[in-house]
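Q: Shown below is the structure under consideration.
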Amino acid sequence: MTGLFELLGLGASAELLSLSGWGGNLLRGLANSLQIAFGAYGLGLVIGLFGAYGKLYGGKVTRDLLAIYTTVIRAVPELVLILILYYVGSDIINKISEGLGGGRVEINGVAAGIWVLGVVQGAYATEVLRGAIKAVPVGQIEAAKSYGMPAFMIMRRVTIPAMMSFAVPGLANLWLIATKDTALLAVVGFNELTLETRQAASSTRAYFTFFLAAGFLYLMVTLCSGAVFARVEKWARRGQPSLKGGTS
Amino acid sequence: MDTAAAAASVLEPATHREAIRVEDLHKSFGNLEVLKGVNLTAHQGDVVAIIGGSGSGKSTMLRCINFLETPSSGKIVIGGEDVAMRKDGSPSNQKQIERIRTKLAMVFQQFNLWTHRTLLENVIEVPVHVLKVPKAEAIERARELLERVGLGGKEDTFPAYLSGGQQQRAAIARALAVDPSAMLFDEPTSALDPELVGEVLTVIRDLAAEGRTMLLVTHEMKFAREVANNVVYLYQGRIEEQGPPAEVFGNPQSERLKQFLSSVA
Numbered sequence: 033m034t035g036l037f038e039l040l041g042l043g044a045s046a047e048l049l050s051l052s053g054w055g056g057n058l059l060r061g062l063a064n065s066l067q068i069a070f071g072a073y074g075l076g077l078v079i080g081l082f083g084a085y086g087k088l089y090g091g092k093v094t095r096d097l098l099a100i101y102t103t104v105i106r107a108v109p110e111l112v113l114i115l116i117l118y119y120v121g122s123d124i125i126n127k128i129s130e131g132l133g134g135g136r137v138e139i140n141g142v143a144a145g146i147w148v149l150g151v152v153q154g155a156y157a158t159e160v161l162r163g164a165i166k167a168v169p170v171g172q173i174e175a176a177k178s179y180g181m182p183a184f185m186i187m188r189r190v191t192i193p194a195m196m197s198f199a200v201p202g203l204a205n206l207w208l209i210a211t212k213d214t215a216l217l218a219v220v221g222f223n224e225l226t227l228e229t230r231q232a233a234s235s236t237r238a239y240f241t242f243f244l245a246a247g248f249l250y251l252m253v254t255l256c257s258g259a260v261f262a263r264v265e266k267w268a269r270r271g272q273p274s275l276k277g278g279t280s
Numbered sequence: 004m005d006t007a008a009a010a011a012s013v014l015e016p017a018t019h020r021e022a023i024r025v026e027d028l029h030k031s032f033g034n035l036e037v038l039k040g041v042n043l044t045a046h047q048g049d050v051v052a053i054i055g056g057s058g059s060g061k062s063t064m065l066r067c068i069n070f071l072e073t074p075s076s077g078k079i080v081i082g083g084e085d086v087a088m089r090k091d092g093s094p095s096n097q098k099q100i101e102r103i104r105t106k107l108a109m110v111f112q113q114f115n116l117w118t119h120r121t122l123l124e125n126v127i128e129v130p131v132h133v134l135k136v137p138k139a140e141a142i143e144r145a146r147e148l149l150e151r152v153g154l155g156g157k158e159d160t161f162p163a164y165l166s167g168g169q170q171q172r173a174a175i176a177r178a179l180a181v182d183p184s185a186m187l188f189d190e191p192t193s194a195l196d197p198e199l200v201g202e203v204l205t206v207i208r209d210l211a212a213e214g215r216t217m218l219l220v221t222h223e224m225k226f227a228r229e230v231a232n233n234v235v236y237l238y239q240g241r242i243e244e245q246g247p248p249a250e251v252f253g254n255p256q257s258e259r260l261k262q263f264l265s266s267v268a
């Protein structure tokens with residue numbers, strides 16, 4: 033094995049990527065990225081569910097506010113949003129803290145990252161879920177109503193399970209976008225995978241090695257996610273005959 | 004149950020107790036007035052067939068009874084209990100309407116089974132989650148009901164894998180599972196292939212024979228004549244004629260009903 037590495041000139045790379053060295057840093061960066069991606073995705077789903085229901089069933093004010101939210105968030109580039117939300121957010125927290133007589137607050141990088149990306153994800157999730165809810169045949173919901181189900185139970189027992197098959201492809205996209213948007217947090221100095229990679233690369237001058245390694249890690253995340261979402265989609269589509277069907 | 008209704012229930016024999024009463028029901032969609040003041044009473048054990056041409060308002064009337072459509076005005080009394088309505092016709096007490104709906108089981112033209120649940124799950128859904136029946140008990144009852152409508156062995160099948168007739172029979176099992184005081188059938192065979200109509204009508208005929216209260220919107224005139232004890236003919240949002248099937252079908256009074264019957268015969 034070592035002989036093969038030497039032959040290909042990869043011995044140095046293997047050494048650079050050792051877990052006790054820069055390789056460990058990369059993995060810690062990946063863990064940070066995933067932590068933020070999970071948090072932001074979860075927050076985005078919660079915002080998206082409320083947003084979708086608000087847009088579909090809310091009053092005029094609710095709908096207008098949600099329209100502004102989804103339009104603005106989806107219009108502005110993520111990088112700009114991250115800068116705005118991050119600095120504005122920390123500024124507001126510090127103003128409040130000072131106003132209450134406290135000192136400056138150290139903003140937790142993970143919490144800030146989850147908040148910022150969660151707000152972005154929420155806007156897209158709102159639209160994905162709104163579309164999925166509208167795709168549920170109205171008869172499914174009428175049947176639930178006609179048997180005396182209260183509104184919240186209809187949402188939990190009928191609408192959400194029935195819309196899942198429509199929502200999963202869009203939600204899978206959002207998850208992959210979430211994992212990659214974490215890289216943008218490098219601009220606010222958060223130690224996620226991309227920033228760790230850049231630091232490793234510029235310290236050792238081994239740019240190719242480290243960025244290739246980082247790319248490989250992102251690819252692994254995508255492949256694992258794909259496998260998970262394939263199972264989720266299969267579960268969400270239970271009861272629906274396969275589109276391929278037949279003998280084609 | 005309030006005291007008046009309780010007193011009434013003591014005085015009257017079960018079969019004469021009023022199940023559904025509709026008074027001066029109006030319903031408009033925008034400028035289009037679909038129901039122009041309909042009055043209808045069904046007693047326990049009655050099978051009321053509602054017939055009429057397309058657009059006569061028969062489905063709308065049925066849907067107003069359990070407030071799937073909001074009436075524009077009028078009064079609806081279910082089992083002696085007034086449904087509280089706002090000025091705009093919407094139910095003003097959501098809890099009351101939810102309680103009343105559990106007693107009025109609806110069977111839809113398009114079946115409307117929950118596609119992500121198996122037949123058994125469809126049938127136990129309302130008993131377990133709305134009526135809070137213990138799950139084991141609900142499952143046992145659901146198996147009996149599915150057996151009864153001829154779907155024994157299909158408990159774990161999803162609706163999409165069944166024929167329309169099978170789906171509609173499963174929907175009837177779902178309706179029976181809530182032990183309804185009245186059943187509302189909204190053109191239960193209109194979406195079925197002709198050869199599947201019979202199997203669904205057989206099930207409905209059995210239910211009529213065991214004395215279930217039913218409101219049946221249908222295009223099956225022969226069937227209506229056979230199972231109903233009261234036939235209501237709707238024309239342009241009004242009841243044009245009603246009475247026992249022998250009279251309505253055998254000796255129609257109004258010119259429109261005569262025309263209608265000859266056109267569907």
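Residue numbers (this note's numbering), protein chains in the order written: chain E, 33 to 280; chain P, 4 to 268.
Even for Gly, the Cβ is constructed at its ideal location relative to N, Cα and C.
None of the values given here were measured: they were computed from a predicted structure.
Mind checking Y250/E: buried by the 16 CB within 10 Å criterion, or exposed?
A: Label assigned to Y250/E: buried.
Q: Name the DSSP beta bridge partners of E26/P, please?
A: Beta-bridge pairing links E26/P to K78/P.
Q: Does the ligand HEM have a heavy atom nearer than 6 Å to the CB of V142/E?
A: Judged by which ligands are present, the structure shown has none, so any question about the ligand HEM falls away.
Q: Please tell me whether Q153/E and A238/E are closer than 7 Å, where the distance is taken between their beta carbons.
A: Contact flag unset, no.
Q: Just to confirm, is the Cβ distance from L116/P to Q170/P under 7 Å?
A: In contact: L116/P and Q170/P (Cβ atoms closer than 7 Å).
Q: Taking the beta carbon of F111/P as the centre, do at least 16 other beta carbons fall within 10 Å, making it buried, or is it exposed?
A: With 16 or more Cβ atoms within 10 Å of its Cβ, F111/P is classed as buried.
Q: In whole angstroms, what is the alpha-carbon distance linking D91/P and K30/P?
A: Near 11 Å, if we compare the C-alpha coordinates of K30/P and D91/P.
Q: Using alpha carbons as the reference points, say which of W54/E, A69/E and R269/E lies closest to L216/E.
A: Here the closest residue by C-alpha is A69/E.
Q: Counting only beta-carbon separations shorter than 7 Å, does N96/P have a partner in chain E?
A: Output row for N96/P: interface = no.
Q: Using the Cα positions of S280/E and A262/E, report the straight-line distance between them to the nearest angstrom.
A: Note on S280/E: pLDDT 40, under 50, position unreliable in the model; no value is reported.
Q: 7 Å is my cut-off, CB to CB: does F161/P come that close to chain E?
A: Yes - at least one Cβ of chain E is within 7 Å of the one on F161/P.
Q: Please determine, among K61/P, Q245/P and I100/P, the residue with the shortest C-alpha to C-alpha distance to V235/P.
A: Comparing Cα-Cα distances from V235/P to each of K61/P, Q245/P and I100/P, the minimum goes to Q245/P.
Q: Shortest alpha-carbon distance to R188/E belongs to which of L204/P, F188/P, K225/P and H119/P?
A: The shortest Cα separation from R188/E among L204/P, F188/P, K225/P and H119/P belongs to H119/P.
Q: Which of the three DSSP states, helix, strand or coil, is assigned to H119/P?
A: Here H119/P sits in coil by DSSP.
Q: Reducing DSSP to helix, strand and coil, say where S234/E ends up.
A: If DSSP states are grouped into helix, strand and coil, S234/E belongs with the helices.
Q: Check whether the segment 188-198 of chain E touches the segment 156-175 of chain E, taking contact to mean three or more Cβ pairs, one atom from each stretch, closer than 8 Å.
A: Yes, they touch.
Q: Here's the rule I'm using: 16 or more other beta-carbon atoms within 10 Å means buried, otherwise exposed. How should K225/P be labelled?
A: That one is exposed.
Q: Express the C-alpha separation of A176/P and V142/E in angstroms, rounding to a whole number.
A: Roughly 53 Å between the two C-alpha positions.
Q: Measuring only the C-alpha atoms, how far is L149/P from A141/P?
A: Cα-Cα distance, rounded: 12 Å.
Q: Using a cut-off of 8 Å between C-beta atoms, extract the partners of T3/P located in chain E.
A: Because chain P is modelled from 4 through 268, residue 3/P falls outside the range shown and cannot be assessed.
Q: Where L165/P and A194/P are concerned, what is the direct C-alpha to C-alpha distance, given to the nearest angstrom?
A: Approximately 14 Å, taken between the alpha carbons.
Q: List in chain order: all unbroken alpha helix (DSSP H) runs of 4+ residues lying wholly within the segment 97-142 of chain E.
A: Qualifying alpha helix (DSSP H) stretches, in chain order: 110-131.
Q: Spatial neighbours of L77/E within its chain, please: C-beta separation below 6 Å, excluding the five flanking residues on both sides.
A: Only A157 meet the Cβ criterion.
Q: When DSSP labels each residue in this structure, what does R60/E get in the three-state scheme?
A: In the structure shown, R60/E sits in a helix (DSSP, three-state: H, G or I).
Q: In the DSSP assignment, what residue or residues form a beta bridge with Q272/E?
A: None, per the DSSP bridge assignment.
Q: Nearest by alpha-carbon distance to E21/P: which of E101/P, G82/P, I100/P and S266/P is it?
A: That would be G82/P, whose Cα lies nearest to the Cα of E21/P.
Q: Using a 10 Å radius around the Cβ and a threshold of 16 neighbouring Cβ atoms, would you call P183/P buried or exposed?
A: Classification of P183/P: buried, given that the 10 Å Cβ count is 16 or more.
Q: With a threshold of 6 Å on Cβ separation, who are the neighbours of R228/P within its own chain once the five nearest residues in sequence on each side are excluded?
A: Same-chain partners within the cutoff: P248 and F252.
Q: Got a sec, what are the start and stop residues for the alpha helix (DSSP H) M64/P sits in?
A: That run of the alpha helix (DSSP H) goes K61 to I68.
Q: May I ask you to list the residues that DSSP assigns as paired with H46/P?
A: According to DSSP, which records beta bridges pairwise, H46/P is partnered with E21/P.
Q: In terms of alpha-carbon separation, which member of R146/P, V126/P, K98/P and D27/P lies closest to L43/P?
A: Taking only the C-alpha atoms, the option nearest L43/P is D27/P.
Q: Select from the segment 133-158 of chain P all residues with a C-beta closer than 7 Å to any C-beta belonging to chain E, and list them in chain order.
A: Those would be V133, in chain order.
Q: Can you have a look at G55/P and say buried or exposed, based on whether 16 or more other CB atoms are within 10 angstroms of its CB?
A: Its Cβ being crowded by 16 or more others within 10 Å, G55/P is buried.
Q: Check each candidate in V137/E, I114/E, V112/E and L113/E and name the one with the smallest Cα separation from G124/E.
A: Reading the sequence as shown, one finds Ile at residue 124/E and not Gly. Considering only alpha carbons, the answer is V137/E.
Q: Just verifying my parser: in three-state terms, what is the DSSP assignment at L195/P?
A: Coil.
Q: Between G171/E and chain P, is any beta-carbon pair separated by less than 7 Å?
A: Chain P, which has a Cβ nearer than 7 Å to the Cβ of G171/E, makes this yes.
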